[in-house]
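So the protein sequences, as listed, match chains C and V.
The numbers in numbering that gives the first Met the number 0 rise by one with no breaks, and the one at position 75 of the first sequence is 74.
The numbers in numbering that gives the first Met the number 0 rise by one with no breaks, and the one at position 238 of the second sequence is 237.
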Amino acid sequence: MSSPDIVVDKLTKAYGKFLAVDQISFEVPRGSIVGFLGPNGAGKTTTIRMLTCFMPPTSGRASVGGYDVFSQSIAVRERIGYLPENAPTYTEMRVGEYLAYRGRLHGIARSELKPRVAAVAEKCWLGDRLRWPIGTLSKGYRQRLGIADALLNNPPVLILDEPTVGLDPTQIRETRKMLAELAGQHTVLLSTHILSEVELTCQRVIIIGRGKILAQGTPDELKQECARRGLPGSKLVVEVRGPGPQIRMALGAMPGVEHVEVLGDGPVCTLALSGKLDGALRELIASTVVGRGWALREMRTTGTSLEEFFVQITDPGVDAGRASVAA
Amino acid sequence: MVKTLSIARRELMGLFYSPIAYVVLVVYLLFVGVLFSLLVFAPGAVADPGPMFEWNHLALMFVVPFITMALFSEEYRSGRIETLRTSPVSDFSIVMGKFLGALTFYCVIIGSSLVYVLILSIFGRPDFLPVLTSYFGLVLMGMLMVSIGLFFSACTQHQVLAAISSCATLVTFGILLQAIGGLLGSVISQPPAWLNTAQRVMTYMSFEPQMQHFSMGLVDTSHVAYFLTGTFFFLMLTYLVLESRKWR
Numbered sequence: 000m001s002s003p004d005i006v007v008d009k010l011t012k013a014y015g016k017f018l019a020v021d022q023i024s025f026e027v028p029r030g031s032i033v034g035f036l037g038p039n040g041a042g043k044t045t046t047i048r049m050l051t052c053f054m055p056p057t058s059g060r061a062s063v064g065g066y067d068v069f070s071q072s073i074a075v076r077e078r079i080g081y082l083p084e085n086a087p088t089y090t091e092m093r094v095g096e097y098l099a100y101r102g103r104l105h106g107i108a109r110s111e112l113k114p115r116v117a118a119v120a121e122k123c124w125l126g127d128r129l130r131w132p133i134g135t136l137s138k139g140y141r142q143r144l145g146i147a148d149a150l151l152n153n154p155p156v157l158i159l160d161e162p163t164v165g166l167d168p169t170q171i172r173e174t175r176k177m178l179a180e181l182a183g184q185h186t187v188l189l190s191t192h193i194l195s196e197v198e199l200t201c202q203r204v205i206i207i208g209r210g211k212i213l214a215q216g217t218p219d220e221l222k223q224e225c226a227r228r229g230l231p232g233s234k235l236v237v238e239v240r241g242p243g244p245q246i247r248m249a250l251g252a253m254p255g256v257e258h259v260e261v262l263g264d265g266p267v268c269t270l271a272l273s274g275k276l277d278g279a280l281r282e283l284i285a286s287t288v289v290g291r292g293w294a295l296r297e298m299r300t301t302g303t304s305l306e307e308f309f310v311q312i313t314d315p316g317v318d319a320g321r322a323s324v325a326a
Numbered sequence: 000m001v002k003t004l005s006i007a008r009r010e011l012m013g014l015f016y017s018p019i020a021y022v023v024l025v026v027y028l029l030f031v032g033v034l035f036s037l038l039v040f041a042p043g044a045v046a047d048p049g050p051m052f053e054w055n056h057l058a059l060m061f062v063v064p065f066i067t068m069a070l071f072s073e074e075y076r077s078g079r080i081e082t083l084r085t086s087p088v089s090d091f092s093i094v095m096g097k098f099l100g101a102l103t104f105y106c107v108i109i110g111s112s113l114v115y116v117l118i119l120s121i122f123g124r125p126d127f128l129p130v131l132t133s134y135f136g137l138v139l140m141g142m143l144m145v146s147i148g149l150f151f152s153a154c155t156q157h158q159v160l161a162a163i164s165s166c167a168t169l170v171t172f173g174i175l176l177q178a179i180g181g182l183l184g185s186v187i188s189q190p191p192a193w194l195n196t197a198q199r200v201m202t203y204m205s206f207e208p209q210m211q212h213f214s215m216g217l218v219d220t221s222h223v224a225y226f227l228t229g230t231f232f233f234l235m236l237t238y239l240v241l242e243s244r245k246w247r
């Protein structure tokens with residue numbers, strides 16, 4: 000594993016007596032894309048604000064690119080591209096004007112400014128909106144502008160707070176694709192509470208809740224942790240037209256199927272299978288059903304185990320369930 | 000320096016986009032126009048625009064808060080302060096950039112009063128040296144006024160509160176101190192030495208006596224020092240307020 004670009008060591012932030020972030024420690028390896036996951040009010044934004052030098056920590060240390068966020072604040076800020084929540088901008092300015100202004104604040108040389116603005120605008124699908132006043136842009140376009148702003152100085156570290164909020168499904172897919180492309184060239188810390196986003200884009204996940212780190216590891220490691228705790232896993236729902244008892248018996252006897260739950264009975268039989276649900280099982284089910292002359296109407300997976308895990312450990316009622324999967 | 004000037008340019012642009020800026024420009028021109036027609040532009044009078052500049056602060060103390068009220072307040076309210084302060088720009092550059100942007104707009108406003116000097120020079124032959132010193136004095140006074148407005152804007156996220164607070168402070172410097180000093184002098188027939196000193200300090204700190212000298216063509220270093228140290232003081236306070244917000 001390469002050296003970490005972001006190092007957080009016992010970082011704490013207190014607002015009066017309230018501990019918003021309580022002695023959290025984690026590392027983000029160089030070139031990786033890490034999901035920072037947690038419910039609303041978990042301490043995600045506070046942690047990010049400390050990492051971006053917007054506010055100092057009450058205690059503990061954090062460094063970005065080897066520079067301390069407290070004592071070498073300007074050096075840290077030169078190395079990060081930051082998209083704050085809601086991406087606030089100057090609505091009276093034009094898109095191109097705003098990006099040029101932000102570029103000057105980042106110290107981009109005059110000669111490089113125009114091509115750089117054009118490049119990030121193109122990358123964030125803003126190429127045809129450069130002369131538009133920001134006030135006339137939709138929320139999605141403003142979000143793209145925020146991402147373009149974060150990429151402007153080509154920073155080694157990107158810190159993105161809810162980057163897909165306000166985007167339509169196509170744009171969300173494109174943004175995820177873009178984030179995947181950014182990994183390798185940039186270290187990305189992606190704050191979100193959308194679990195599927197993390198599963199699809201991130202190599203590592205840090206789950207924070209009530210100001211503490213509740214779990215961290217790769218999505219697979221977290222799923223294993225979930226299985227180890229006996230949390231309910233995903234289910235395979237199969238809808239078949241044919242004789243119910245025979246279908247139940249045939250599917251229940253398949254390798255890997257541990258439990259069969261009947262969701263609907265009649266001419267069409269709906270079953271929920273749980274156990275070791277891999278791709279081979281689905282192929283076997285399909286061939287068996289077709290081979291016996293029954294009609295396979297639907298087959299789908301519900302309730303990913305990571306989602307259950309997230310819900311379980313971030314539930315305020317569950318405090319004993321803290322986990323720390325090996326890094 | 001490039002970053003400071005970029006912020007200044009953006010602030011100036013922001014002010015020109017705002018309708019309030021044009022309203023205050025018109026109000027200022029109307030006020031100076033009234034001063035001009037009542038005190039300066041009279042048949043047979045000496046072509047001296049001095050009185051017009053001497054009382055300029057009466058309008059400016061209401062105009063400047065409208066220029067400065069949004070400088071920081073709006074950044075706090077909209078959340079843009081986070082974008083600004085996570086950029087590689089020092090707090091000093093942010094304060095100076097906003098100050099210079101607002102001061103430039105102030106200079107555009109007072110510069111618009113040149114139209115009255117032009118009218119006077121068509122009908123008479125005014126002495127241009129006092130006009131020059133008057134504008135110099137107005138710029139110095141503007142520096143202090145803008146820095147006061149900037150300070151109050153940095154204190155709150157409510158623009159109206161920032162405007163009212165800076166207006167109250169500017170009225171204190173513009174009218175109240177001199178009025179209280181004058182009142183004390185007229186009510187007490189044989190004032191003790193300390194009261195005389197207090198009266199002198201209050202008169203010294205008022206805008207009108209300072210501007211009177213500039214409008215007569217006098218550039219007194221004590222007046223220059225007064226405006227410069229006052230500006231420095233409020234800019235420092237603004238910087239400290241901005242720094243202290245980090246720790247809340």
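Note that the Cβ used here is the ideal one computed from N, Cα and C, for glycine as well.
Limits of the unbroken beta strand (DSSP E) element including residue i
i      : result
F135/V : No beta strand (DSSP E) contains F135/V, which is instead part of the alpha helix (DSSP H) from 127-154.
L166/C : First-last for L166/C: undefined, no H or E at that position.
I187/V : Segment: none, I187/V is in no beta strand (DSSP E) and carries neither H nor E.
L113/V : No beta strand (DSSP E) holds L113/V; the alpha helix (DSSP H) holding it covers 113-122.
T6/C   : Note that residue 6/C is Val in the sequence shown, not Thr. That run of the beta strand (DSSP E) goes 3-14.
S62/C  : 58-63
G80/C  : 79-82
Backbone secondary structure at residue i - three-state DSSP
i      : result
R103/C : helix
G336/C : Look at the range of chain C in this structure, 0 to 326, and you will see that residue 336/C is not part of it.
S70/C  : coil
K97/V  : helix
P266/C : coil
L217/V : coil
M51/V  : helix
R48/C  : helix
D318/C : Because D318/C sits at a pLDDT of 45, beneath the cut-off of 50, its placement in the model cannot be relied upon, and the following sentence gives the value as read from the coordinates. In this structure, D318/C counts as coil in the three-state DSSP scheme.
M298/C : strand
M43/V  : First, the residue type needs correcting, since residue 43/V is Gly and not Met in the sequence shown. Of the three classes helix, strand and coil, the one that applies to G43/V here is coil, per DSSP.
R240/C : strand
S273/C : strand
Extent of the continuous alpha helix (DSSP H) run through residue i
i      : result
V196/V : The question names Val, but residue 196/V in the sequence shown is Thr. Run containing T196/V: 192-204, per the alpha helix (DSSP H) assignment.
K19/C  : A quick correction: the sequence has Ala, not Lys, at residue 19/C. Element bounds for A19/C: not the alpha helix (DSSP H) but the beta strand (DSSP E), 17-28.
G243/C : 243-251
V33/C  : V33/C -> not in any alpha helix (DSSP H); beta strand (DSSP E) instead, spanning 32-36.
R84/V  : 79-84
K2/V   : 1-16
P64/V  : 56-67
T168/V : 158-170
Minimum C-alpha distance to residue i - residue among the options
i      : options                        : result
N153/C : G134/C, L295/C, T163/C, P114/C : P114/C
V22/V  : T230/V, F61/V, D126/V          : F61/V
L250/C : P218/C, G216/C, W293/C, I212/C : W293/C
A224/V : Q189/V, W246/V, M140/V, W193/V : M140/V
P64/V  : D219/V, K2/V, Y27/V            : Y27/V
I23/C  : S31/C, T57/C, V116/C           : T57/C
Y66/C  : C201/C, K222/C, V7/C           : V7/C
R199/V : A101/V, S214/V, L182/V, D47/V  : L182/V
G42/C  : I206/C, V68/C, L151/C, G139/C  : I206/C
K222/C : S137/C, G30/C, R175/C, F309/C  : F309/C
P244/C : K234/C, E260/C, G255/C, P254/C : E260/C
Exposure of residue i, with buried meaning 16 or more beta-carbon neighbours within 10 Å
i      : result
E203/C : Inspection of the sequence shows that residue 203/C is occupied by Arg rather than by Glu. Buried.
R124/V : exposed
G15/C  : exposed
P87/V  : buried
G183/C : exposed
V317/C : Residue placement at V317/C cannot be trusted, given a pLDDT of 49 that sits under 50; what the coordinates show is reported in the next sentence. Exposed: under 16 other Cβ atoms inside 10 Å.
V39/V  : buried
R321/C : Its pLDDT being 44, under 50, R321/C is placed unreliably by the model, and nothing is read from it.
K275/C : exposed
G40/C  : exposed
L10/C  : buried
N55/V  : buried
R247/V : exposed
Chain A within 8 Å of residue i, Cβ atoms only
i     : result
M49/C : Absent from the structure: chain A. Protein chains present are C and V.
Next on the checklist: As an exercise, report each continuous beta strand (DSSP E) stretch of at least 3 residues that is fully enclosed by the stretch 169-229 of chain C, in chain order.
Outcome noted: Counting only runs of 3 or more, we get 186-191, 203-208, 211-216.
Item to check | 3-residue-minimum beta strand (DSSP E) runs that sit fully inside the stretch 84-164 of chain C, ordered along the chain | outcome: Listed in chain order, the beta strand (DSSP E) elements of length 3 or more contained wholly in the stretch 84-164 of chain C are 156-160.
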